[in-house]
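Structure, rendered in structure tokens:
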């Protein structure tokens, strides 16, 4: 990785528990380094810039960099650094890959089981729009309905089931992209 105007000693993409991708890289030496455009591609051909991270000019010291991709694509994500010189020149780093399975969408309810009935609905999505949350009792009757306005990334919504009898419930969440998720809720 030493062919750049920097001495890039590592570059990696880590899939985190919240379905985001943490990009981490380090340099041991930099020469006229203006900074880095971090680029992503779904197919290793069509690249888009995720963000810019400033460099340290000219230095012989170790520097660590990071950028968080909060809305990775479903499936394989290719990443590369476009290292920009202060004179306008640039070079590309080797590519790294993160595999985000499951459509990049996640739906969780916590605490579950719940003794208080105070719940949090957590979504991680690459889509924006209205989602519909419905909760059904053990017989199948709809006992709760709410529309949730989603933004890309991680969202948390409070849901109070304090007045509901103890028992087992089923939550159904329909995402803006049409995906439907089901989760069991236990009230103790």
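In my numbering, the protein residues as written are 962 to 1149. Virtual Cβ for every residue (Gly too), placed ideally from N, Cα, C.
Span of the beta strand (DSSP E), counted from its first residue to its last, around residue i
i: residue 1154; result: The structure shown does not extend to residue 1154, since the chain spans only 962 to 1149, so no value can be given for it.
i: residue 1110; result: 1103-1111
i: residue 1050; result: Segment: none, residue 1050 is in no beta strand (DSSP E) and carries neither H nor E.
i: residue 1023; result: First-last for residue 1023: undefined, no H or E at that position.
i: residue 1100; result: No beta strand (DSSP E) contains residue 1100, which DSSP labels as neither H nor E.
Exposed unless 16 or more other CB atoms sit within 10 angstroms - verdict on residue i
i: residue 1099; result: exposed
i: residue 1068; result: buried
i: residue 912; result: Nothing about residue 912 can be reported from this structure: the residues present for the chain run from 962 to 1149 only.
i: residue 1015; result: exposed
i: residue 966; result: buried
i: residue 1023; result: exposed
i: residue 994; result: buried
i: residue 1038; result: buried
Three-state secondary structure assigned by DSSP to residue i
i: residue 1196; result: The first residue shown for the chain is 962 and the last is 1149, placing residue 1196 beyond what the model contains.
i: residue 962; result: With a pLDDT of 43 at residue 962, under the threshold of 50, the predicted position of this residue should be treated as unreliable, though the coordinate-derived value follows. In this structure, residue 962 counts as coil in the three-state DSSP scheme.
i: residue 1133; result: strand
i: residue 1055; result: coil
i: residue 1118; result: strand
i: residue 973; result: strand
i: residue 980; result: coil
i: residue 1128; result: strand
i: residue 1000; result: strand
i: residue 1032; result: coil
Backbone CA spacing between residue i and residue j [nearest angstrom]
i: residue 1112; j: residue 1081; result: 16 Å
i: residue 971; j: residue 1057; result: 10 Å
i: residue 1118; j: residue 1084; result: 9 Å
i: residue 1060; j: residue 1034; result: 9 Å
i: residue 1049; j: residue 1055; result: 20 Å
i: residue 1018; j: residue 989; result: 13 Å
i: residue 1105; j: residue 977; result: 32 Å
i: residue 1145; j: residue 1110; result: 22 Å
i: residue 1091; j: residue 974; result: 30 Å
i: residue 936; j: residue 991; result: Because the chain in this structure spans residues 962 to 1149, residue 936 falls outside the shown range and cannot be described.
i: residue 1020; j: residue 1003; result: 34 Å
i: residue 1032; j: residue 1086; result: 7 Å
i: residue 1010; j: residue 1001; result: 6 Å
i: residue 1028; j: residue 997; result: 10 Å
i: residue 1046; j: residue 968; result: 13 Å
i: residue 1078; j: residue 1070; result: 12 Å
Bridge partner(s) assigned by DSSP for residue i
i: residue 994; result: 1018, 1046
i: residue 1007; result: Answer is none; residue 1007 lacks a bridge partner.
i: residue 1090; result: 1111
i: residue 1060; result: 1037
i: residue 1145; result: 1131
i: residue 1140; result: Its beta-bridge partners do not exist; DSSP assigns none.
Chain C within 8 Å of residue i, Cβ atoms only
i: residue 1034; result: Protein chain content of the structure displayed is limited to a single chain, and chain C is not contained in it.
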